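Heads up: the sequence lines are chains C and H, in that order. Take the first sequence: its letter number 338 is residue 338 in UniProt numbering, and every next letter is one higher. Take the second sequence: its letter number 47 is residue 47 in UniProt numbering, and every next letter is one higher. Note that beta-carbon positions come from the ideal geometry of N, C-alpha and C, so glycine has one too. Predicted, not measured: the structure shown is a model, and the values here were computed from it.
2 protein chains.
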Amino acid sequence: MAKAQSSSYFVILALSIAVNLLLVFQFCVDGEWRLTWSKRAAEEAERVAAIPCSGHGTAYLDGLVLDGKEPVCECNSCYEGPDCSEFVTECAANADSGDPYFLQPFWMQHAAQSAVLVAGWHRMGYSYPDGSYISAELEGHIRELHSTVGNAVTQGRYIVFGAGSTQLLNAAVHALSSDNSSNSSSPASVVATIPYYRLYKTQTEFFRSLDYRFEGDTSSFLNISEAGKVIEFVTSPNNPDGKLNKAVLHGPNASAIYDRVYYWPHFTAIPNPADDDLMLFSLSKLTGHAGSRFGWAVIKNESVYQKMTEYMSSSSMGVSRDAQLRALKLINVVLETRGKQIFEFGYHTMRNRWESLSKILSLSNRFSLQKLGPRYCTYFKKIRGPSPGNVSTNSRIFSLSIIEYKMSIIPPLS
Amino acid sequence: MAKAQSSSYFVILALSIAVNLLLVFQFCVDGEWRLTWSKRAAEEAERVAAIPCSGHGTAYLDGLVLDGKEPVCECNSCYEGPDCSEFVTECAANADSGDPYFLQPFWMQHAAQSAVLVAGWHRMGYSYPDGSYISAELEGHIRELHSTVGNAVTQGRYIVFGAGSTQLLNAAVHALSSDNSSNSSSPASVVATIPYYRLYKTQTEFFRSLDYRFEGDTSSFLNISEAGKVIEFVTSPNNPDGKLNKAVLHGPNASAIYDRVYYWPHFTAIPNPADDDLMLFSLSKLTGHAGSRFGWAVIKNESVYQKMTEYMSSSSMGVSRDAQLRALKLINVVLETRGKQIFEFGYHTMRNRWESLSKILSLSNRFSLQKLGPRYCTYFKKIRGPSPGNVSTNSRIFSLSIIEYKMSIIPPLS
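Written out as structure tokens, the structure reads:
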């Protein structure tokens with residue numbers, strides 16, 4: 001009897017020791033035991049991320065906070081209420097904004113790879129070790145990205161960072177208009193082909209510079225031979241009609257700023273690597289992080305590069321190092337699968353929305369969509385149907401950014 | 001015998017179960033078991049932070065990476081080598097830069113409170129829920145901070161964010177020069193009292209606006225009654241001489257931009273809350289985070305506020321939301337002790353450096369420091385000796401930012 005009792009103790013003891021070992025193993029090998037100062041921030045982020053908002057909204061670390069210290073849910077369009085559970089009937093579609101929320105689910109699925117923990121002492125100084133305002137590691141990642149995707153030549157080209165492509169638009173206009181090669185005293189003419197992104201006009205006019213002036217549609221400059229310096233904005237793929245535009249004006253006095261923010265495989269087929277003199281890209285359109293305000297310019301000419309660098313220095317001492325850290329992490333996630341995961345996800349999401357929208361608009365007598373045929377994409381190595389980021393109807397007065405917009409459903413349009 | 005064996009088994013079993021319970025308790029109550037997707041980022045940050053760099057440098061998450069994937073040490077001035085262990089003899093002091101590394105040890109001491117974990121889907125959209133580019137929570141924190149420190153009136157005032165005070169300098173010049181109240185067609189004159197921060201001149205000239213022109217020293221405008229619109233930069237406390245300057249020009253055509261970046265208790269005694277029409281502050285000088293590029297303007301006049309908001313929108317669509325999240329976290333740490341910890345730390349560090357520098361320069365025949373007497377500080381509620389952020393020698397040709405600089409030692413100067 002005693003022997004039986006003793007051996008059953010032995011079994012229980014062996015089990016208990018096994019559990020001990022398992023727990024210690026978990027504790028140590030798992031690596032969690034090592035976390036000290038970073039734990040609080042990690043827990044805080046997970047707590048905020050766990051607020052469900054009924055699946056129709058998001059709570060943010062820097063969002064407004066309730067009395068109970070819980071961040072408030074920020075609801076998607078057409079939803080409201082403290083937990084975003086109330087559907088707003090008769091909710092109108094916002095046709096004037098291009099928030100890139102369509103990639104939010106992708107980043108939620110890649111939570112572990114894309115999170116960044118910023119230490120309290122991260123990059124307190126003004127410059128990186130080479131004295132610049134640009135992270136060399138991030139610049140290297142951007143070059144690798146373009147070479148992987150095959151959408152732009154960067155070898156032997158200069159790179160400048162800006163607060164989104166927005167800040168770089170004016171930096172480019174400044175650089176091209178103040179170039180010393182022409183001694184013309186009259187301001188350079190800045191033009192764009194209709195329909196164009198309205199910021200080209202508003203921003204160029206806003207700065208009221210002695211060096212440049214917005215002059216409207218490109219076509220009015222086609223037959224002027226001695227027009228002085230002309231800077232042409234070229235959006236390729238174009239917003240809102242999706243076309244791979246090329247510069248219309250040529251000659252010694254003409255230069256072009258290629259806005260290439262949509263030249264990624266989720267928005268368009270990539271026929272070849274772009275090799276324009278001055279090209280702009282942005283994180284907003286690549287990964288969907290409009291809020292980070294991060295963009296970059298790829299530049300052939302050294303003096304234009306230096307003028308744009310000087311612009312960034314004088315206007316804001318470069319781009320926030322926090323935004324650069326974030327961009328590095330996000331581009332790293334894109335590169336982990338050579339872009340495959342994000343571009344496949346983005347392409348299918350946009351393509352589905354395009355098809356839904358085509359279907360809805362086909363019921364309308366007032367609007368119809370332009371026809372976009374399938375094209376061969378060198379990145380996907382196959383023929384792909386259209387998945388444009390922005391959409392214009394052929395009435396030409398109504399441009400829809402709705403495809404990119406933060407929507408839980410597509411609200412009725414007609 | 002069997003009984004003795006059995007009871008010893010029992011004791012061991014009881015111990016083993018106790019250890020199990022302890023481990024499970026640790027696992028659950030400690031909260032670590034909950035971490036899932038945030039763990040990788042937290043571990044990565046702790047691994048980078050653990051790279052010692054011999055105590056004379058820092059490794060950063062976005063720094064250059066060695067082949068073994070380990071970030072490279074970035075060395076403090078006068079140190080070099082892969083682990084920053086080699087002291088550079090004959091190392092000259094950099095007298096032309098004001099990197100705020102003197103607060104780096106403070107943030108290392110407050111690692112847990114100041115860390116931020118940014119989720120992959122943080123703030124992907126362009127705007128906050130109110131449609132602005134400004135975090136309402138951060139704006140609230142900034143108002144609370146000024147009210148706690150007593151260095152600026154913010155009640156009934158508007159707040160605009162910028163990429164450091166740098167971007168706001170030009171936003172303010174733009175807003176004050178394009179004000180419709182005066183219909184003068186000639187550009188506004190922008191002036192500053194010598195010695196002034198050189199960016200006032202370089203930036204104002206850089207933008208080559210039709211609306212304003214840099215005209216040099218304020219004194220040349222003192223006797224001109226009908227000079228047209230004049231915008232005066234006033235740095236208070238002044239950089240480099242530490243004086244609490246006031247605007248010199250008055251009248252219906254004169255307006256002032258008060259650069260108040262050094263108006264914090266670690267740099268100067270606070271005699272009263274500043275209540276100027278347009279005041280600029282920055283995170284760089286408050287918490288030492290120059291790299292985040294975050295600043296704010298406190299503005300009395302609604303139309304000036306609207307013009308500055310429009311400037312931020314047109315030039316960069318606001319400030320990076322990543323930088324805003326970071327600023328929120330850092331200001332939160334400052335507020336946790338009503339500023340006591342950081343201002344005491346900053347004051348003592350700056351004061352010790354000032355005393356060391358005074359001692360070294362007293363040995364020189366060529367340089368001497370201006371005399372700064374002790375003053376009553378309403379924040380510390382006592383009389384405090386000088387601790388200026390920047391230093392100028394009375395030769396007036398040599399301005400030293402050395403006190404703020406990233407140094408492990410003060411290198412020989414004379």
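Under DSSP, residue 214 of chain H shares a beta bridge with H:190.
Residue contact check for residue 215 of chain C against chain H: no CB pair falls below 8 Å.
Counting along the chain, the unbroken beta strand (DSSP E) around residue 279 of chain H starts and ends at 278-282.
With 16 or more other Cβ atoms from the protein chains shown falling within 10 Å of its own Cβ, residue 122 of chain H counts as buried. When DSSP states are grouped into helix, strand and coil, residue 140 of chain H belongs to the helix group. Two segments are said to touch when three or more pairs of C-beta atoms, one from each, lie closer than 8 Å; by this definition the segment 156-174 of chain C touches the segment 283-301 of chain C. The alpha carbon of residue 270 of chain C has as its nearest neighbour, out of C:287, C:128, C:375, the alpha carbon of C:375. In the three-state reduction of the DSSP assignment, residue 48 of chain H falls in the helix class, which pools H, G and I. Residue pairing for residue 235 of chain H: DSSP places it in a beta bridge opposite H:259.
Within its own chain, the residues whose Cβ lies closer than 6 Å to the Cβ of residue 84 of chain C, once the five positions on either side in sequence are excluded, are 53, 54, 56, 57, 73, 75, listed in chain order. Neighbours of residue 289 of chain H in chain C, taken as residues at a C-beta separation under 7 Å, are given in chain order as 124.
Every alpha helix (DSSP H) stretch that sits fully inside the segment 269-348 of chain C and reaches 4 residues is listed by chain position as 283-286, 302-316, 321-336.
Between the alpha carbons of residue 38 of chain H and residue 341 of chain H lies a gap of roughly 29 Å.
Pairwise C-beta distances place the segment 317-335 of chain C in contact with the segment 278-288 of chain C, as three or more of them are shorter than 8 Å. Under the Cβ criterion of 8 Å, residue 281 of chain H is not counted among the residues facing chain C. Beta bridge pairing from DSSP links residue 209 of chain C with H:209. Per DSSP, residue 221 of chain C is not a residue of any beta strand (DSSP E), being assigned neither H nor E. In this structure residue 155 of chain H is exposed. Its beta-carbon is surrounded by fewer than 16 other beta-carbon atoms within 10 angstroms. Look at the segment 119-178 of chain H and you find these whole runs of beta strand (DSSP E), each 3 residues long or longer: 158-162. In terms of Cβ geometry, residue 305 of chain C and residue 158 of chain C form a close pair [threshold 8 Å].
When 9 Å is used as the limit between beta carbons, residue 65 of chain H is near these residues of chain C: 137, in chain order. In the structure shown, residue 247 of chain H adopts coil according to DSSP, grouped into three states.
Per DSSP, the unbroken alpha helix (DSSP H) holding residue 111 of chain H starts and ends at 111-114. Of the candidates H:101, H:373, H:78, H:78 places its Cα closest to the Cα of residue 90 of chain H. The shortest C-alpha to C-alpha distance from residue 335 of chain H to any of H:202, H:200, H:150 is the one to H:150. Counting every other CB atom within 10 Å of its CB across the protein chains shown gives residue 139 of chain C a total of 16 or more, marking it as buried. Looking at the DSSP output, residue 59 of chain C shares a beta bridge with C:73. A contact between stretches requires three or more CB pairs, one per stretch, nearer than 8 Å, and the segment 108-121 of chain C meets this requirement with the segment 99-117 of chain H. Residue 20 of chain C reaches chain H at 16, 19, 20, 23, counting residues in chain order whose Cβ is nearer than 8 Å. The closest CA to that of residue 187 of chain C, considering only C:205, C:361, C:110, is found on C:205. Between residue 266 of chain H and residue 347 of chain H the beta-carbon gap is near 5 Å, inside 8 Å, which marks them as a contact. Boundaries of the beta strand (DSSP E) harbouring residue 377 of chain C: 375-377, taken from the DSSP string.
Counting other Cβ atoms within 10 Å of its Cβ, residue 22 of chain C stays below 16 and is therefore classed as exposed.
Taking 8 Å as the cut-off, the beta carbon of residue 262 of chain C is found closer than this to the beta carbon of residue 239 of chain C. When rounded, the separation of the alpha-carbon atoms in residue 10 of chain C and residue 14 of chain H is 12 Å. Going by beta carbons, residue 152 of chain C and residue 279 of chain C fall inside the 8 Å limit.
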